[in-house]
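Enquirer: Residue numbers (the numbering used here), protein chains in the order written: chain A, 1 to 191; chain B, 1001 to 1191; chain C, 2001 to 2191; chain D, 3001 to 3191.
Glycine included, every Cβ here is placed at the ideal spot set by N, Cα and C.
Take this structure first; my questions come after.
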DNA sequence: TATGAATGAGTATTCATTCAT
DNA sequence: TATGAATGAATACTCATTCAT
């Protein structure tokens, strides 16, 4: 518990600052200061600022994946699984607004774009729940016959937009709105 | 007309560089160099880098709005108007990939977020086509009864995601795919 | 005359500081300060600290070569030419003690060693006076039949040592001592 | 004997790294790592990095002096003693190239210069073989009547230059070349 | 009006040294 | 005695901005 406490402090501080102020608004010295460690200490845990950022992204992604897998039931219907997946992602980001801000920034930065391309190209060997649902749905004539990426855009595009608006205070994503929004997404992709 | 040529050169150069290399990959000196002007000259047209960037965003937005207004027919059906609107935006960004890259970066940067919030709060006085279509649609029971921002998210979230994937080379947005994708969006928001 | 004044100021300041305090005792900020320019200004003239140092070495070398060539008479005897060459180098460094300190440090630093190897290997296309004298001397049976590098070591090894001792105040190299020392070198290499 | 093993490991590691990579290429942490000790442990044996370096120099010098004294015969002729002395030093450095690299760097660094000055000024109380040979030689009219430091420069200047060239691979110092080179030095200093 | 040389505050990163264990 | 995690001052370099010409 004490093992990783400093590493976690640093990531926490970096997350707060980057979410609030962007990548260039978060100098290493400021991160160190907020984390309550010396400037050099960060480099005992992360090779460079880039590595720190990449690591943050990786951990965030893994945590989200864990949450998703925990309640996922492959035997349920396409619709149920789709709605579960979307709702989980949406609730996760609503619960962790800074994760969302960070990921937006990351995915639109030069690092993010290349990582995204690499990852997507590599079609991660692990059972990819997203792909699974869409492929089964298309094959079973439940979903529209469109490329996977189009389905992904139709599903996750609105989700991210909703979370953003929620974080900006433009809407309040309560349970009712979450449910209705995701049903609307489903209406978009279903045949 | 010759008056503004330098101003345009600067914005063009800034657009190219920022789209390619991000905000921090585009120093003022490099922008000046690419624009064929002196470094100090930029400051005769723009108070600061931030102002330059904000100005670029504003012009881009206005250009897009012009394009939209040019072919917009308020007398047509909600569906037709919605599809026209989405298709125009989508085609516009597909035709101008650098505009899209710039806007993504801008909207996710600290400036972008605050500008976005300010603007949206102010509910821009101009006739807002987006709002118009959605409000009429909801009032006429053609669209789901959801907050305007949710509708906006359902419509524009997928569009931006699609353009991004297109720019990354993950899909190719031909006319068929554009049509089908937007119809899917319509299916999502319609009652 | 005003053209290069800043560049020269920087090189002068760097020379002073490096000669006095070594490479790591001469931070860029200190060099800038001593030169009376801003820290960033150095980088308008030199790409990096390494380049600055390499450039200093190059200029110093060229100046020395100019001085040597100015009084060199290829038609004179091997002995006369050898003594002229050594005396000129020796007097040059006695007159410019900081050049000497700088070159010692440079030639023993990682940069210096590699540059030295490269240069020597490349056997500079220009008429190389050193090589010329030694080769003619060996061919004409005036000098001992030893490899060129051994001759170079026998000639320039003592010269550098003498200058160092002079700069340290251990001896005073007046005309008499210079003459006698170089004659001793000649006694070493002659047949 | 086991007591000092760690101290020796540290000096050995420091020697390797400094010879290979220069003073600034050999951080304390790297030295500790190569020596197989903790970073803090170095400070139990040496007050600071500067002290470590000075200590290394001192030990190296003492070792060389031991080797010299072992085979030195004060009753032999000036010439024999001079040649023995030079050959021993030359062979010693050829056999220990890292010692040579270290000393070059040390003697040209700011520490080195001041230590050198101090030492030479103090005219080390120990019987100084170098001084002895030269003084006797001059008094006996065997050597040229020149200041001691000039003799030292004429003798050791070439030796260090030869070793450097050997280490750089520019010449190969075999027995023949060593003998001939040292004879040339003798020719330079003898009357 | 236009220039671009000059500036210096700001950045990521390194490394000798300390000290709690 | 030995460790190595932690430190933070120091360093090379960047870049938005200014201003003399």
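1. Closer than 8 Å, CB to CB, is residue 105 of chain A near chain B or not?
2. Quick check on residue 1048 of chain B - is its C-beta less than 8 Å from some C-beta in chain A?
3. If we count the other Cβ atoms within 10 Å of its Cβ and call it buried at 16 or more, is residue 3186 of chain D buried or exposed?
4. Check this for me: beta carbons of residue 189 of chain A and residue 1150 of chain B, under 8 Å apart or not?
5. What is the C-beta distance between residue 1166 of chain B and residue 1160 of chain B, in whole angstroms, given that I count them as a contact (C-beta under 8 Å)?
6. Near residue 88 of chain A, what residues of its chain come up, given a Cβ to Cβ distance below 7 Å and the 5 sequence neighbours on each side ignored?
7. Would you say residue 1065 of chain B faces chain A, with C-beta separation under 8 Å as the test?
8. Indicate whether residue 1162 of chain B and residue 1181 of chain B have their beta-carbon atoms separated by less than 8 Å.
9. Could you tell me which residues DSSP pairs with residue 2190 of chain C in its beta bridges?
10. Report the neighbours of residue 1161 of chain B on chain A: residues whose CB is nearer than 7 Å to its CB, in chain order.
11. If you follow the alpha helix (DSSP H) that residue 27 of chain A is part of, which residue opens it and which one closes it?
12. Taking the alpha-carbon positions, what's the residue 2014 of chain C to residue 2026 of chain C distance?
13. Would you give the residue range spanned by the alpha helix (DSSP H) that residue 212 of chain A belongs to?
14. Residues of chain A with CB closer than 7 Å to the CB of residue 1005 of chain B, please, in chain order.
15. Since residue 2004 of chain C is in the alpha helix (DSSP H), which residue starts that stretch and which ends it?
16. Taking a contact to mean a Cβ-Cβ separation below 8 Å, would you say residue 2054 of chain C touches residue 2042 of chain C in this structure?
17. Would DSSP call residue 2046 of chain C helix, strand or coil?
18. Under three-state DSSP, which class holds residue 1041 of chain B?
19. Could you tell me which chain C residues have their CB closer than 7 Å to the CB of residue 3086 of chain D, listed as they occur along the chain?
20. Taking only beta-carbon atoms, is residue 2089 of chain C less than 8 Å away from chain D?
21. Look at the alpha carbon of residue 2126 of chain C and the alpha carbon of residue 1052 of chain B, and state the distance between them as a whole number of angstroms.
22. How about the segment 89–105 of chain A and the segment 137–147 of chain A: do they share at least three Cβ pairs that are nearer than 8 Å?
23. So residue 2028 of chain C and residue 2017 of chain C are in contact, right, with Cβ under 8 Å, and what is the actual spacing, rounded?
24. With respect to the alpha helix (DSSP H) encompassing residue 96 of chain A, which residues constitute its N-terminal and C-terminal limits?
25. Residue 2165 of chain C lies in the alpha helix (DSSP H); which residues open and close that run?
26. Can you give me the Cβ contacts of residue 105 of chain A inside the same chain, cut-off strictly under 7 Å, excluding the 5 residues immediately before and after it?
27. Any idea if residue 1124 of chain B is buried or exposed, counting beta-carbon neighbours within 10 angstroms, 16 or more meaning buried?
28. Are the C-beta atoms of residue 1110 of chain B and some chain A residue less than 8 Å apart?
29. Out of curiosity, what's the CA-to-CA distance linking residue 3039 of chain D and residue 1058 of chain B?
30. Measuring straight from C-alpha to C-alpha, what distance separates residue 2050 of chain C and residue 47 of chain A?
31. Residues of chain C with CB closer than 8 Å to the CB of residue 3184 of chain D, please, in chain order.
32. Distance, Cα to Cα, residue 84 of chain A vs residue 1004 of chain B?
33. Between residue 137 of chain A and residue 78 of chain A, how many whole angstroms is the CB-CB distance? I'm expecting something under 8 Å.
34. Using a C-beta cutoff of 8 Å, does residue 1194 of chain B count as contacting chain A?
35. Excluding the 5 residues flanking residue 134 of chain A on each side, which residues of the same chain have their C-beta closer than 6 Å to its C-beta?
36. Run through DSSP, which three-state label would residue 172 of chain A get?
Expert: Answer, in terms of the structure:
1. Position 105 of the first chain holds residue 105 of chain A. True, the Cβ-Cβ gap to chain B drops below 8 Å.
2. As a working note, residue 1048 of chain B is residue 48 in the second chain. The Cβ of residue 1048 of chain B sits no closer than 8 Å to any Cβ of chain A.
3. Along the fourth chain, one-based indexing puts residue 3186 of chain D at 186. Residue burial annotation: residue 3186 of chain D is buried, with at least 16 other C-beta atoms found within 10 angstroms of its C-beta.
4. The residue given as residue 189 of chain A occupies position 189 in the first chain. The residue given as residue 1150 of chain B occupies position 150 in the second chain. In this structure, the beta-carbon distance from residue 189 of chain A to residue 1150 of chain B does not fall below 8 Å.
5. For the purposes of this step, residue 1166 of chain B is taken as the residue at position 166 of the second chain. For the purposes of this step, residue 1160 of chain B is taken as the residue at position 160 of the second chain. The C-beta distance from residue 1166 of chain B to residue 1160 of chain B rounds to 11 Å, too long to meet the 8 Å contact threshold.
6. Translated into the one-based positions of the first chain, residue 88 of chain A becomes position 88. Cβ neighbours of residue 88 of chain A beyond the five flanking positions: 67, 68, 71.
7. Residue 1065 of chain B sits at position 65 when you count from the first residue of the second chain. No, no contact with chain A.
8. Counting from one through the second chain, the residue named residue 1162 of chain B turns up at place 162. Counting from one through the second chain, the residue named residue 1181 of chain B turns up at place 181. The answer is yes: Cβ separation under 8 Å.
9. Working through the third chain from its first residue, we reach residue 2190 of chain C at position 190. C:2143.
10. Sequence index remark: in the second chain, residue 1161 of chain B carries index 161 (1-based). Contacts between residue 1161 of chain B and chain A, judged by CB atoms closer than 7 Å, involve 153, 156, 157 in chain order.
11. Here the question's residue 27 of chain A lines up with position 27 in the first chain. According to the DSSP assignment, residue 27 of chain A belongs to no alpha helix (DSSP H), since it is labelled neither H nor E.
12. Position 14 of the third chain holds residue 2014 of chain C. Position 26 of the third chain holds residue 2026 of chain C. Residue 2026 of chain C has its alpha-carbon roughly 7 Å from the corresponding atom of residue 2014 of chain C.
13. Nothing about residue 212 of chain A can be read from this structure; chain A reaches only from 1 to 191.
14. As a first step, residue 1005 of chain B must be located in the second chain, where it is residue number 5. Within 7 Å Cβ-Cβ: nothing; residue 1005 of chain B doesn't reach chain A, min ~31 Å.
15. Residue 2004 of chain C sits at position 4 when you count from the first residue of the third chain. Where residue 2004 of chain C is concerned, there is no enclosing alpha helix (DSSP H), because DSSP gives it neither an H nor an E.
16. For the purposes of this step, residue 2054 of chain C is taken as residue 54 along the third chain, with counting starting at 1. For the purposes of this step, residue 2042 of chain C is taken as residue 42 along the third chain, with counting starting at 1. No, the Cβ-Cβ distance between residue 2054 of chain C and residue 2042 of chain C is not below 8 Å.
17. Taking the third chain and counting its residues from 1, the one referred to as residue 2046 of chain C is at position 46. Assignment of residue 2046 of chain C by DSSP, reduced to helix, strand and coil, places it in the coil class.
18. Here the question's residue 1041 of chain B lines up with position 41 in the second chain. DSSP places residue 1041 of chain B outside both helix and strand once states are collapsed to three, so it counts as coil.
19. Counting from one through the fourth chain, the residue named residue 3086 of chain D turns up at place 86. What residue 3086 of chain D touches in chain C: nothing, since even the nearest Cβ is about 12 Å away.
20. Counting from one through the third chain, the residue named residue 2089 of chain C turns up at place 89. It does not: the Cβ of residue 2089 of chain C has no partner Cβ on chain D nearer than 8 Å.
21. As a first step, residue 2126 of chain C must be located in the third chain, where it is residue number 126. As a first step, residue 1052 of chain B must be located in the second chain, where it is residue number 52. In this prediction, residue 2126 of chain C has a pLDDT of 47, which is less than 50 and means its spatial position is unreliable; what the coordinates show is noted afterwards. Each residue's Cα considered, the two are about 54 Å apart.
22. Per the Cβ contact rule, the segment 89–105 of chain A is not in contact with the segment 137–147 of chain A (fewer than 3 Cβ pairs under 8 Å).
23. Position 28 of the third chain, counted from the first residue, corresponds to residue 2028 of chain C. Position 17 of the third chain, counted from the first residue, corresponds to residue 2017 of chain C. Residue 2017 of chain C and residue 2028 of chain C do not touch by the CB rule: their CB atoms are close to 10 Å apart, not below 8 Å.
24. Numbered from its first residue, the first chain carries residue 96 of chain A at position 96. Counting along the chain, residue 96 of chain A falls outside any alpha helix (DSSP H), and DSSP gives it neither H nor E.
25. On the third chain, residue 2165 of chain C is found 165 positions in, with the first residue counted as 1. For residue 2165 of chain C, the uninterrupted alpha helix (DSSP H) run begins and ends at 2148–2167, by DSSP.
26. Locating residue 105 of chain A in the first chain gives position 105, counting from the first residue. Taking residue 105 of chain A as the centre and dropping the five residues before and after it, the same chain places the C-beta of 18, 22, 23 closer than 7 Å to its C-beta, in chain order.
27. By 1-based counting over the second chain, the position of residue 1124 of chain B is 124. Any answer about residue 1124 of chain B is weak, because its pLDDT of 49 lies below 50 and its placement is not dependable; what the coordinates show is given next. Flag for residue 1124 of chain B reads exposed.
28. Locating residue 1110 of chain B in the second chain gives position 110, counting from the first residue. It does: the Cβ of residue 1110 of chain B has a partner Cβ on chain A nearer than 8 Å.
29. Taking the fourth chain and counting its residues from 1, one reaches residue 3039 of chain D at position 39. Taking the second chain and counting its residues from 1, one reaches residue 1058 of chain B at position 58. Residue 1058 of chain B has its alpha-carbon roughly 57 Å from the corresponding atom of residue 3039 of chain D.
30. For the purposes of this step, residue 2050 of chain C is identified with residue 50 of the third chain, where counting begins at 1. For the purposes of this step, residue 47 of chain A is identified with residue 47 of the first chain, where counting begins at 1. Rounded to the nearest whole angstrom, the CA to CA distance from residue 2050 of chain C to residue 47 of chain A is 25 Å.
31. By one-based count along the fourth chain, residue 3184 of chain D stands at place 184. Correct list: 2144, 2146, 2150, 2154, 2188, 2189.
32. Along the first chain, read from residue 1 onward, the residue named residue 84 of chain A stands at position 84. Along the second chain, read from residue 1 onward, the residue named residue 1004 of chain B stands at position 4. Taken atom to atom, the span from the alpha-carbon of residue 84 of chain A to that of residue 1004 of chain B is near 54 Å.
33. Locating residue 137 of chain A in the first chain gives position 137, counting from the first residue. Locating residue 78 of chain A in the first chain gives position 78, counting from the first residue. Their Cβ separation, rounded to whole angstroms, is 4 Å, which keeps residue 137 of chain A and residue 78 of chain A in contact under 8 Å.
34. What is shown of chain B runs 1001 to 1191, which leaves residue 1194 of chain B out entirely.
35. Counting from one through the first chain, the residue named residue 134 of chain A turns up at place 134. Correct list, in chain order: 148, 151.
36. Taking the first chain and counting its residues from 1, the one referred to as residue 172 of chain A is at position 172. The answer is coil: DSSP assigns residue 172 of chain A none of H, G, I, E or B.
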